[in-house]
Amino acid sequence: MARALLRRFGSCWLLWLLPLGARPQVPSAVADSVEISHAEFLALLDQFHPIARQANLNPERAQQEIRQARGAFDPSLTGKYYGKQLKGNDYYHDWETALRVPTWFGVDVKAGWDRGVGPYVNPQEYTASSGLSYVGLSVPLSQGLLIDERRTAVRVAQALSGLAEAERRGILNKLRLSASKDYWEWALATQRLRLLTTNEQVAGTRFAATRQRVLAGDLAAIDSVEALSELLNRRAQRVAARVQWQNAALVASSYLWDADGRPRELPPTARPQALPPAPAWRPLRPDSLAQLTEQALQRHPDLAKTRAKQVQLGLENRLALNKLLPKLSVDYNLLLPGQPFGLEGSPRPFAGGYSANNYKLGLSFAQPIMLRAERAKRQLVQLKLRDAGYQLSHEQRQVTNALQTAANDWQALLEQLRLQQQATANYQRLRNGEQIRFENGESTVFLINSREASLLAARQKLAELQAKYAQTQAQVRYAAGGG
Numbered sequence: 006m007a008r009a010l011l012r013r014f015g016s017c018w019l020l021w022l023l024p025l026g027a028r029p030q031v032p033s034a035v036a037d038s039v040e041i042s043h044a045e046f047l048a049l050l051d052q053f054h055p056i057a058r059q060a061n062l063n064p065e066r067a068q069q070e071i072r073q074a075r076g077a078f079d080p081s082l083t084g085k086y087y088g089k090q091l092k093g094n095d096y097y098h099d100w101e102t103a104l105r106v107p108t109w110f111g112v113d114v115k116a117g118w119d120r121g122v123g124p125y126v127n128p129q130e131y132t133a134s135s136g137l138s139y140v141g142l143s144v145p146l147s148q149g150l151l152i153d154e155r156r157t158a159v160r161v162a163q164a165l166s167g168l169a170e171a172e173r174r175g176i177l178n179k180l181r182l183s184a185s186k187d188y189w190e191w192a193l194a195t196q197r198l199r200l201l202t203t204n205e206q207v208a209g210t211r212f213a214a215t216r217q218r219v220l221a222g223d224l225a226a227i228d229s230v231e232a233l234s235e236l237l238n239r240r241a242q243r244v245a246a247r248v249q250w251q252n253a254a255l256v257a258s259s260y261l262w263d264a265d266g267r268p269r270e271l272p273p274t275a276r277p278q279a280l281p282p283a284p285a286w287r288p289l290r291p292d293s294l295a296q297l298t299e300q301a302l303q304r305h306p307d308l309a310k311t312r313a314k315q316v317q318l319g320l321e322n323r324l325a326l327n328k329l330l331p332k333l334s335v336d337y338n339l340l341l342p343g344q345p346f347g348l349e350g351s352p353r354p355f356a357g358g359y360s361a362n363n364y365k366l367g368l369s370f371a372q373p374i375m376l377r378a379e380r381a382k383r384q385l386v387q388l389k390l391r392d393a394g395y396q397l398s399h400e401q402r403q404v405t406n407a408l409q410t411a412a413n414d415w416q417a418l419l420e421q422l423r424l425q426q427q428a429t430a431n432y433q434r435l436r437n438g439e440q441i442r443f444e445n446g447e448s449t450v451f452l453i454n455s456r457e458a459s460l461l462a463a464r465q466k467l468a469e470l471q472a473k474y475a476q477t478q479a480q481v482r483y484a485a486g487g488g
């Protein structure tokens with residue numbers, strides 16, 4: 006969307022090629038410009054802002070952590086050789102080669118070839134000159150049968166991928182909320198500059214007309230002084246508003262970057278979309294609020310992070326419980342004299358050469374007497390689980406309260422907007438009536454200037470409420486977990 010935006014705006018967006026600080030002089034009025042909508046502004050933010058790009062690295066990082074955890078299940082090939090020769094005499098030659106394939110179910114499949122020859126080789130390692138091959142299994146019968154460190158690491162990494170996605174959405178939501186607020190501040194500054202520019206033009210026209218009437222003898226000379234003073238006052242207000250507009254545009258520019266990661270400023274011809282008009286002032290229906298509340302409880306990044314932490318602690322709790330069991334495992338290997346896989350004339354691989362009468366069996370058992378470390382570990386994990394549960398309950402309350410607060414602000418602003426709109430319309434009627442009286446010679450420059458000052462204040466107040474309404478809409482989306 007961002008690239009399509011650049012194409013749609015055409016040549017005016019060539020100003021993006023300007024380096025930071027080489028921006029042309031900002032015009033005093035906002036006219037003949039190109040509109041950047043709020044949605045387009047956020048699209049540029051999502052695609053090019055460094056914080057957004059940084060947040061988008063989280064899912065890839067999580068995938069690599071899952072890949073790293075799965076590496077514990079990679080097959081491993083090992084081999085070693087020991088030989089000894091002293092004063093021309095061979096003592097021994099000992100080869101050990103093994104392939105070990107871990108499985109998800111805790112069983113390790115093994116295959117290997119051993120060869121131990123020489124007059125002084127260890128009798129347990131002695132084989133025929135062709136060696137001894139084997140295939141077998143290593144099976145945990147108690148601890149490690151249902152869960153172990155390898156499976157726990159993979160499942161924790163998968164749970165943390167949800168945490169990474171929640172963190173990504175949380176960072177983007179905060180960035181969008183901040184950008185939306187500053188965007189509507191820019192829109193408010195633009196509207197304020199328009200109002201004050203128009204106000205200055207009206208004062209300039211009135212001063213010229215008043216001056217002509219004074220020269221014609223229809224008005225007292227003091228009226229021209231009043232008109233000139235009002236013109237100068239409005240001009241000063243417009244200059245101050247122009248500075249505010251420039252600063253607001255500069256703040257909005259801080260969210261804009263190009264594809265190469267370089268900061269960019271808004272073109273001088275850019276303007277924001279208009280503040281929300283009256284047809285866009287809609288109440289937040291109770292069913293919509295209920296849907297947003299349900300969405301927040303399910304998708305809010307803060308809650309998702311805590312739930313991912315609970316999943317992680319649940320896995321650690323299962324592993325800690327498993328550690329209370331004794332370590333009992335069995336190794337069983339079928340043996341075959343010679344080399345496997347048909348090497349050096351041996352039979353076809355595993356084709357009838359292995360026999361139940363030729364085997365190597367091993368049993369191992371270990372059990373701490375008091376299990377203090379294991380029991381303490383489990384208790385600590387359970388305490389962390391309870392802590393995470395309390396934290397989730399607290400965060401759920403905070404999320405629902407924040408959403409309800411934003412919804413209350415939304416409803417209050419609707420009422421304020423309607424009242425301010427009516428007040429502005431009434432001030433407009435008073436100003437129009439005073440204008441008619443002034444043209445009929447029944448009023449003074451001071452009175453009509455006073456009416457216009459009240460009308461300007463009402464219009465500015467209405468614009469402020471419109472901007473706050475748009476910001477509150479963004480706050481509601483943020484409180485609901487973003488979109």
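Residue numbers (my numbering): 6 to 488.
For glycine and all other residues, C-beta sits at the position ideal for the given N, C-alpha and C.
Computed from a predicted structure; not experimentally measured.
In this structure, tyrosine 474 places its C-beta atom within 9 Å of the C-beta atom of leucine 419. DSSP, reduced to helix, strand and coil, places glutamate 235 within a helical segment of the structure shown.
Rounded to whole angstroms, the gap between the alpha carbons of glutamine 440 and glycine 222 is 20 Å.
A straight line joining the alpha-carbon of leucine 177 with that of glutamine 480 spans about 13 Å. Each residue's CA atom was taken as its position, placing serine 259 and glutamate 235 some 36 Å apart. Where alanine 417 is concerned, the enclosing alpha helix (DSSP H) starts and stops at 377 to 444.
Annotation for serine 369: no alpha helix (DSSP H) segment contains it, though the beta strand (DSSP E) segment containing it runs 364 to 371. In the structure shown, serine 183 falls within a helical segment according to DSSP collapsed to helix, strand and coil. Judged by pairs of C-beta atoms under 8 Å, the stretch 190 to 210 touches the stretch 454 to 468, as three or more such pairs exist. Spanning the alpha carbons of glutamine 409 and aspartate 292 requires a straight line of approximately 13 Å. Excluding its 5 nearest sequence neighbours in each direction, tyrosine 364 has C-beta neighbours in its own chain below 7 Å: Tyr337, Asn338, Leu339, Leu340, listed in chain order.
Counting every other CB atom within 10 Å of its CB across the protein chains shown gives glutamine 59 a total below 16, marking it as exposed. For the beta strand (DSSP E) assignment, the uninterrupted runs of no fewer than 3 residues enclosed by the stretch 124 to 161 are, from N- to C-terminal side, 137 to 145.
A contact is defined here as three or more CB-CB pairs under 8 Å, and the stretch 132 to 142 meets this definition with respect to the stretch 103 to 121.
Under the criterion of beta carbons closer than 8 Å, leucine 289 and glutamine 416 qualify as touching, at roughly 6 Å.
Within 10 angstroms of the beta-carbon of tyrosine 188 lie 16 or more other beta-carbons, which makes it buried.
Residue state for leucine 201 is assigned as helix, using DSSP reduced to three classes.
Of Ala485, Leu333, Thr108, Asn327, the smallest CA-CA separation from glycine 367 is found for Leu333. Fewer than three Cβ pairs drawn from the stretch 250 to 264 and the stretch 439 to 453 lie within less than 8 Å of each other, which leaves the two stretches out of contact.
Under the DSSP assignment, leucine 261 falls outside any beta strand (DSSP E); it carries neither an H nor an E label.
The beta-carbon distance between histidine 54 and leucine 180, rounded to whole angstroms, is 7 Å. This is short enough to meet the 8 Å contact definition. The secondary-structure analysis by DSSP pairs aspartate 336 across a beta bridge with Ser143, Gly367. Note on geometry: alpha-carbon atoms of tyrosine 97 and glutamine 344 lie some 19 Å from one another.
Counting C-beta atoms within 10 angstroms of its own C-beta, isoleucine 41 has 16 or more neighbours from the protein chains shown and is therefore classed as buried. Under the 8 Å Cβ criterion, the stretch 190 to 198 counts as touching the stretch 241 to 260, having at least three qualifying pairs. The beta carbon of alanine 301 sits closer than 6 Å to those of Val404, Leu408, Ala485, Gly486, all from its chain and outside the five residues before and after it, given in chain order. Every alpha helix (DSSP H) of 4 residues or more that sits fully in the stretch 37 to 98 is shown, in chain order, as 43 to 53, 55 to 60, 62 to 75. When DSSP states are grouped into helix, strand and coil, arginine 105 belongs to the strand group. Assigned with DSSP and collapsed to three states, leucine 302 falls in helix.
The residue from Thr83, Trp109, Glu457, Leu424 with its alpha-carbon nearest to that of leucine 470 is Leu424. If you draw a straight line from the Cα of proline 277 to the Cα of glutamine 251, it comes to about 13 Å. In this structure, DSSP gives alanine 275 an extended state, which the three-state scheme calls strand. Straight-line measurement puts the Cα of alanine 103 at about 37 Å from the Cα of arginine 377. In the three-state DSSP reduction, alanine 225 falls in the coil class, being neither helix nor strand.
In the DSSP secondary-structure assignment, lysine 115 is bridged to Arg105, Gly141. Excluding five sequence positions before and after lysine 310, the CB atoms of its chain that fall closer than 8 Å to its own CB belong to Leu168, Ala171, Glu172, Gly175, given in chain order.
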